[in-house]
Amino acid sequence: MKRFFLILFLIAMGFILGFGYREIKAEVQSKREAKARHTAYATQPVMEKKGFVVIISAKDDASYCEQNILSVLSQDYENYRVIYIDNGSADSTAKKVHTFLQNHDFDGRVEFVRSEPEASEGENLYRAVHSCQNHEIVVLLRGDEFFAQNRVLEKLNHYFADPDVWMVASDEILYSTYDKVRSPCYYQAFYSGLFKQIKLEEFLSEGKFRKEKYEKILFPSLKELSGNHAFGIVEPLFICQEKRESPSLERKTSYPSMKENPWHNFSKDEERVDLLVFSCNRPLQLYAFLESSEKYLENLHRLYVIYRAGNDHYEKGYHEIKKDFPNVIYIRQSIENPYEDFAPTVRKVIFDSDVSSARYIMFALDDFILKESLDLNESARLLKETGAYGFYFCLGNHLKTHPIENRILIQEGVYGWQFSSMEGEWSVPNSVKMTLFKKEDIYSDFLYMKFHNPNILEALWNESADLFRVGLYYDRSKAVSLPLNIVMGNEWVPEKVTNISTKELLSFFDRGLKMDIAPLDQFENQTIEIDFQPEFTKR
């Protein structure tokens, strides 16, 4: 009998312990999930009605489009608008949406976008978000999904009242079963300014916008950028068709967490841009470059010239330039060790904060001429907005080699391309020929390179260049190269190309003459280097 009660006692204890273990395990798991999810609570006072942009990405959603749009237009909230993107539907989605909006969108909240046939949903989303203001909060909906109630935007506004909340992942309700589901890495709402920190290159493959669903491209980068500002919401605010699969967070390129608030409009911050020109025994050509820069360059912070004068005769020519362009900062290479001092001098000009406070640097050679207006502040802004690597001012759509198949429209008059998809000059990311860079992006490259002239610099710089980066260029090139004499690759010594040598050019300069560059204004060139027979006029 005692044995029976002992066995019964042990069985009871087993049940109790097992139940307790399950409870403890469930509690531990719950705490782990809560910690990993970083749950948000709407406890901050609401000081404003933030602006929301609901972006609906649809394809062949004719069965759901009306209910989808109605769930958005029924929101009990005023400060919002809608961008409905039809990603090339083959069914009657576009027709039904158009009719439905005519009958129900009385306030004109919805912008209907019919996608180009070749455009991917990633491209359409990229362009839609970039049309938003940084302070606007983007809410993503698929074409077969719905808001779970008419107070979704009001509730989101309450969560985003907390300045620590930059992005949220809400629980959802399955349409078929009305079960509550959780997709912790599926972020439905975020500040537009957070999205805009993602580089254009993340959306591209071989020069084209990637065809994957936008979640795979978007969410890993957003998670990295938001850091501890990404939150989960326990309350289900969305109705979805199926449980989400969490996008992989493995990244080829990682992003540091943003340190500033994403709603700040970084693109409107004025940026300082410096220009560094390289010259070797060519005072007459440098004079022409500086003359064209003075005429066409806008918003230039400082202009530096690192020059090499082989003898006193050339130095005398450079001295004349200094008198006519006194605001330029001239740095002469040493006569004794010009090869040794070139790299340290270049690094000092670019990266020494005591020398330059600009965050952007433009490189040029003295045989280039600017032929059209160039606003460097605008160019720096476009680099920031796209995350592009460089702006290439001697490239344009009128060049015979322009990438008509692989060019990407950024805005009217501005295009981008991916280096990996091109050949020739379009496949060279690192150039000292009329190119603008963000100093931060090139700092590590310059740290250890050993170079003694611009040609060696460019060659070494491109040995390990990242061809998946993106470059920008204007529809029309801003500069041309006049190869009256070229600089030999290894020695940075002028070599005669036309029938005019550097000595002859110097003799013209000694007589008070300069190159007449007026015929090059608005010149329509098909190549970067042009065949130009110069005429000379009084300085």
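All letters in the sequence shown, in the order written, are residues 78 to 616 by this note's numbering.
Cβ atoms here follow ideal geometry from the backbone N, Cα and C, with glycine treated the same way.
None of these values were measured; they are calculated from a predicted model.
Start and end of the alpha helix (DSSP H) containing A57? Any question about residue 57 goes unanswered here, given that the chain covers just 78 to 616.
To the nearest angstrom, report how far apart G490 and E601 are at their CA atoms. 15 Å
Does DSSP classify K615 as helix, strand or coil? strand
From this set, P313, P596 and E368, which residue's C-alpha is nearest V258's C-alpha? P313
Where A111 falls, given that 16 or more other Cβ within 10 Å makes a residue buried: With a pLDDT of 49 at A111, under the threshold of 50, the modelled position of this residue cannot be trusted, and the question is left open.
Is E213 helix, strand or coil when you go by DSSP? coil
Whose C-beta lies closer than 7 Å to the C-beta of G548 among residues of the same chain, with five residues either side of it excluded? A465, Y466, G467, Y469, G493, W494, F496 and P506
Within 10 angstroms of its Cβ, does P360 collect 16 or more other Cβ (buried), or is it exposed? buried
Excluding five sequence neighbours on each side, which residues of the same chain lie with their C-beta closer than 6 Å to the C-beta of M335? L302
Coarse secondary structure for D282, derived from DSSP in three states: Correcting the residue type first, residue 282 is Ser in the shown sequence and not Asp. Strand at S282.
Quick check on the burial criterion: 16 or more other C-beta atoms within 10 angstroms. Buried or exposed for M124? exposed
Can you grab the Cα-Cα spacing for the pair I162 / K425, in whole Å? 50 Å
Does the beta-carbon distance from L217 to S134 come in below 9 Å? yes
Segment contact flag, the region 239 to 257 with the region 153 to 173, C-beta cutoff 8 Å, min 3 pairs: no
Got a sec? Which residues, its chain only, sit under 7 Å from I485 by beta carbon, not counting five neighbours each side? Y492, G493 and W494
Using a Cβ-Cβ cut-off of 6 Å (strictly less than) and excluding sequence neighbours within five positions of I607, which residues of its own chain qualify? V557
Do you know offhand how far G185's Cα is from S298's? 33 Å
Pick helix, strand or coil for P313, following the three-state DSSP scheme. strand
Going by DSSP, name the residue or residues bridged to S498. According to DSSP, S498 bridges with nothing at all.
Nearest-angstrom Cβ-Cβ length linking A435 and H475, presumed shorter than 8 Å: The pair is not a contact, with the Cβ atoms about 30 Å apart (cut-off 8 Å).
Note down the Cα distance separating Y551 from E283, rounded to an integer number of angstroms. 21 Å
Keeping to the same chain, check which residues put their C-beta closer than 7 Å to that of L167; ignore five residues upstream and five downstream. At residue 167 the sequence reads Ala, which differs from the Leu that was named. Hits under 7 Å: D137.
Stretch-stretch touch, CB-based, cutoff 8 Å, three pairs: the region 343 to 361 with the region 278 to 295: no
If I measure Cβ to Cβ from E535 and keep anything under 6 Å in the same chain, skipping five residues before and after, which residues do I get? V509
For G490, which three-state DSSP category applies? coil
Candidates Y407, K372 and R228: closest to K448 by CA position: K372
Given a cut-off of 9 Å, decide if K273 and D462 are closer than it, judged by their beta-carbon atoms. Checking the sequence, you will find Glu at residue 462 rather than Asp. Yes, the Cβ-Cβ distance between E462 and K273 is below 9 Å.
Which residue or residues does DSSP assign as beta-bridge partners of T512? F440 and Y469
Determine, using beta carbons only, whether C357 and Y332 come nearer to each other than 9 Å. no
Neighbourhood of V190 by C-beta distance below 8 Å, restricted to the same chain and skipping five residues each side: I160, Y161, I162, D163, N201 and A205
What is the C-beta distance between S554 and G473, in whole angstroms, given that I count them as a contact (C-beta under 8 Å)? 3 Å
Closest by CA to G220, which one among E213, S208 and L147? L147
Restricting to Cα atoms, I'd like to know which of F308, E278 and F366 is closest to I294. E278
Member of K290, R228, F237 and Y157 whose CA lies at the smallest distance from the CA of A196: K290
Of the choices L583, P611 and Y437, whose alpha-carbon is the least far from that of A595? P611
Assuming H341 contacts N211 under a Cβ cut-off of 8 Å, what Cβ separation, rounded to an integer in Å, is found between them? 7 Å
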